[in-house]
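Under this note's numbering, the first residue of the sequence shown is numbered 2, with each subsequent residue one higher.
This report concerns only the one structure given below.
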Amino acid sequence: MRTLNSILKKAAFAAVAGMALFSAAPSAQAANLLEMNFGLFGPNYEGKVGSCESALWKITYQFKDKEADFWNSSLQFTGFSHVRETAFRPWASDNIPRRFCSADATFTDGKQRQVHYSIIEDGGFAGYGDGVEWCVTGLDRDWAYNPKCRAAKF
């Protein structure tokens with residue numbers, strides 16, 4: 002049976018060994034001149050975001066793809082009308098430039114619904130090209146922008 006004395010000796014030895022291990026670790030140092038300036042540049046946004054009409058083809062393609070792949074639906078856009086900008090860079094100027102737009106869309110089921118979307122500078126795949134985030138009122142089946150696409154509007 003172990004005695005209290007032998008348990009205390011082992012605990013003290015473990016504590017000393019742990020302190021020795023941490024004291025052998027290298028100390029932190031500030032970055033040198035090369036490390037501070039090599040490849041460290043911030044975002045350089047120009048505020049050049051496509052027009053509201055320029056994103057409609059991408060929304061059409063993505064909507065068709067999403068409906069077919071995730072919802073087993075053949076629903077598609079047949080046309081757009083009343084395409085309008087609702088806001089451009091509504092936040093501080095150092096944020097990523099966005100253009101917010103809305104449009105009335107007609108679908109293959111004959112119904113007309115509103116589409117709310119934003120065009121984001123350098124928001125495309127891997128930061129190349131404009132990115133588009135969109136929502137169709139009444140067809141936000143995964144509730145990403147609910148209620149009634151409010152989160153996609155400005």
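In this text, a Cβ means the ideal position worked out from N, Cα and C, and glycines have one as well.
Contact between the stretch 79 to 94 and the stretch 135 to 144 (3+ Cβ pairs under 8 Å):
no
For T61, collect the residues of the same chain with a Cβ closer than 8 Å to its Cβ; drop the 5 residues on either side in sequence, then sort them by chain order.
Excluding positions up to five away in sequence, the list reads Q77 and F78.
Any non-hydrogen atom of the ligand FMN closer than 7 Å to S52 Cβ:
Absence of the ligand FMN from the depicted structure is noted, as is the absence of any ligand whatsoever, leaving it without description.
Would you mind giving the Cβ-Cβ distance between R99 and I121, rounded to the nearest angstrom? I have them listed as a contact below 8 Å.
5 Å
Along the chain, where does the alpha helix (DSSP H) containing F126 start, and where does it finish?
Premise fails: F126 is in no alpha helix (DSSP H) and is neither H nor E.
Inter-residue Cα distance where the pair is G128 and A18:
When the Cα atoms are used, G128 and A18 turn out to be separated by approximately 49 Å.
Roughly how many whole angstroms lie between the Cα atoms of Y118 and P27?
51 Å
Among residues of its own chain, excluding the 5 on either side of F155, which ones have a beta-carbon nearer than 6 Å to its beta-carbon?
T87, A88, P91 and F101
Excluding the five sequence neighbours on either side, which residues of its own chain have a C-beta within less than 8 Å of the C-beta of K11, listed in chain order?
none
Between the C-alpha atoms of S55 and S94, what's the straight-line distance to the nearest angstrom?
23 Å
For N96 and Q113, the rounded distance between their alpha carbons:
33 Å
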